[in-house]
Amino acid sequence: MNDFTRSVIEQIRKVPKGKVSTYGRIAELSGNPRAARQVSRILSSMSRKYNLPWHRIINSQGRISLKPGGGYEEQRAILEAEGIEFDLYGTVDLKRYIY
DNA sequence: CGTGTGACGCGGG
DNA sequence: CCCCGCGCCACAC
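Using my numbering, read the first sequence as starting at 1 and increasing by one per residue.
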């Protein structure tokens with residue numbers, strides 16, 4: 001595992017319950033602003049093993065990136081259980097919930 | 001070693 | 001808001 005990956009795991013773990021962050025933001029904090037895609041890949045392949053709060057990472061538009069039937073419902077349910085509110089378009093107010 | 005694939009992001013229509 | 005294109009990048013074939 002490289003330094004970037006280690007940093008991504010560390011940064012994701014810092015996002016507190018009731019807050020969210022974005023793939024791009026985690027990538028920035030980890031030293032590579034252009035690696036948002038890698039962050040998403042790390043989440044999908046290592047969330048279990050490294051016990052990551054994967055559900056707290058959404059896209060830059062404030063929307064869940066998983067597809068309906070592909071995890072969307074689960075992620076949304078967990079976030080709502082943590083107090084995150086979604087508008088009728090499935091968008092969360094990043095100004096309010098970003099970490 | 002090319003080619004296709006995303007849990008991405010940004011701009012534009 | 002939706003849909004596209006383009007750039008980006010590790011990874012599976």
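For glycine and all other residues, C-beta sits at the position ideal for the given N, C-alpha and C.
Per DSSP, what are the beta-bridge partners of residue i in this structure?
| i | result |
| --- | --- |
| isoleucine 98 | Val20 |
| isoleucine 58 | Thr22 |
| threonine 91 | Arg63 |
What would DSSP say about residue i, mapped onto helix, strand or coil?
| i | result |
| --- | --- |
| tyrosine 63 | Looking at the sequence itself, residue 63 is arginine, so the reference to tyrosine does not match. Here arginine 63 sits in strand by DSSP. |
| valine 8 | helix |
| lysine 49 | coil |
| valine 15 | coil |
Taking C-alpha atoms, which residue in the options lies nearest to residue i?
| i | options | result |
| --- | --- | --- |
| arginine 6 | Arg34, Pro68, Val20 and Gln38 | Gln38 |
| isoleucine 9 | Leu79, Gln61 and Arg41 | Arg41 |
| arginine 96 | Gly83, Ala35 and Tyr89 | Gly83 |
| valine 20 | Met46, Pro53, Arg48 and Ser44 | Pro53 |
| isoleucine 57 | Lys49, Arg76 and Arg34 | Arg76 |
| histidine 55 | Asp3, Leu88 and Tyr23 | Tyr23 |
With a threshold of 6 Å on Cβ separation, who are the neighbours of residue i within its own chain once the five nearest residues in sequence on each side are excluded?
| i | result |
| --- | --- |
| leucine 94 | Gly62 |
| phenylalanine 158 | In this structure the chain extends from 1 to 99, so residue 158 is not present and cannot be described. |
Leaving out the 5 sequence neighbours to the left and right, which residues in its chain are closer than 7 Å to residue i when beta-carbon positions are compared?
| i | result |
| --- | --- |
| isoleucine 26 | Val8, Gln11, Ile12, Val39 and Ile57 |
Near residue i, what residues of its chain come up, given a Cβ to Cβ distance below 8 Å and the 5 sequence neighbours on each side ignored?
| i | result |
| --- | --- |
| serine 47 | Trp54 |
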